[in-house]
Amino acid sequence: MEVTVRPLDLAHPSDVDAVVRVQRAAYAVEAELIGSTDIPALHETAADVAASGETVLGREIDGRLVAAVGYRRSGDELDLCRLVVDPTAFRAGHARALLDAVDAAEAGVRRTTVSTGRDNEPALRLYRQRGFRLVGEREVAPGLWIAELERR
11 MEVTVRPLDL AHPSDVDAVV RVQRAAYAVE AELIGSTDIP ALHETAADVA
61 ASGETVLGRE IDGRLVAAVG YRRSGDELDL CRLVVDPTAF RAGHARALLD
111 AVDAAEAGVR RTTVSTGRDN EPALRLYRQR GFRLVGEREV APGLWIAELE
161 RR
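Under the numbering used here, the first residue of the sequence shown carries the number 11, and numbering increases by one thereafter.
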């Protein structure tokens, strides 16, 4: 079994389609956890992802995408825009490996931010273990609460 992390090319349809496949599966699980399907990324199209302007790293097993992280960097600040893992590959360290890859690729970051569903305890636990702290919560749709976290 060959496990790799590589930059994904959002101009390449097969990379974008793979991100959308993994993202929809991952966000469907989050929707169950938080009790809402109003998660914008759950409904993104390939065109939406391709136009995101994010740097995206993917983790593959034998050439099949199982996880992806998308982020934007501005100066010494980084915003994690998406971190998704195919539910068939949960609890195998893929999210951690991608966060490690981002940290290695983006040295010199002073502040990193991320948002997730307030009731998505697995994601919150991962981010807390990585040194993130809760800085706020906001209701983005009726009954849909987002937790905002940062690491300095």
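In this text, a Cβ means the ideal position worked out from N, Cα and C, and glycines have one as well. As the structure is a prediction and not an experimental result, all values here were calculated from the model.
{"query": "Span of the alpha helix (DSSP H) around valine 95", "result": "No alpha helix (DSSP H) holds valine 95; the beta strand (DSSP E) holding it covers 87 to 95."}
{"query": "CB contact flag (leucine 88, threonine 122, <8 angstroms)", "result": "yes"}
{"query": "Exposure label - leucine 159; buried when at least 16 CB within 10 Å", "result": "buried"}
{"query": "Complete runs of the alpha helix (DSSP H) confined to the region 34 to 68 [at least 4 residues]", "result": "56 to 60"}
{"query": "For arginine 161, the three-state DSSP class (helix, strand or coil)", "result": "strand"}
{"query": "Whole beta strand (DSSP E) elements within the region 71 to 140, 3-residue minimum", "result": "74 to 84, 87 to 95, 121 to 127"}
{"query": "Those residues which DSSP pairs with alanine 151 across a bridge", "result": "Leu154"}
{"query": "Close Cβ partners of glutamate 64 (< 8 angstroms) along its chain, the five nearest in sequence each way excluded", "result": "Leu20, Gly80, Tyr81, Arg82, Cys91, Arg92"}
{"query": "Stretch-stretch touch, CB-based, cutoff 8 angstroms, three pairs: the region 16 to 35 with the region 59 to 75", "result": "yes"}
{"query": "Cα-Cα separation between alanine 43 and isoleucine 49, rounded to whole angstroms", "result": "The displayed chain sequence assigns leucine, not alanine, to residue 43. For leucine 43 and isoleucine 49, the distance between alpha carbons rounds to 12 angstroms."}
{"query": "Reference alanine 133, options Ala157, Gly45, Met11, closest by Cα", "result": "Ala157"}
{"query": "Chain-order list of residues whose beta-carbon lies under 7 angstroms from that of glutamate 40 (same chain, five-residue window excluded)", "result": "Ile49, Gly127, Asn130"}
{"query": "Residue closest to glycine 141, alpha-carbon to alpha-carbon, out of Glu147, Asp113, Pro152, Gly153", "result": "Asp113"}
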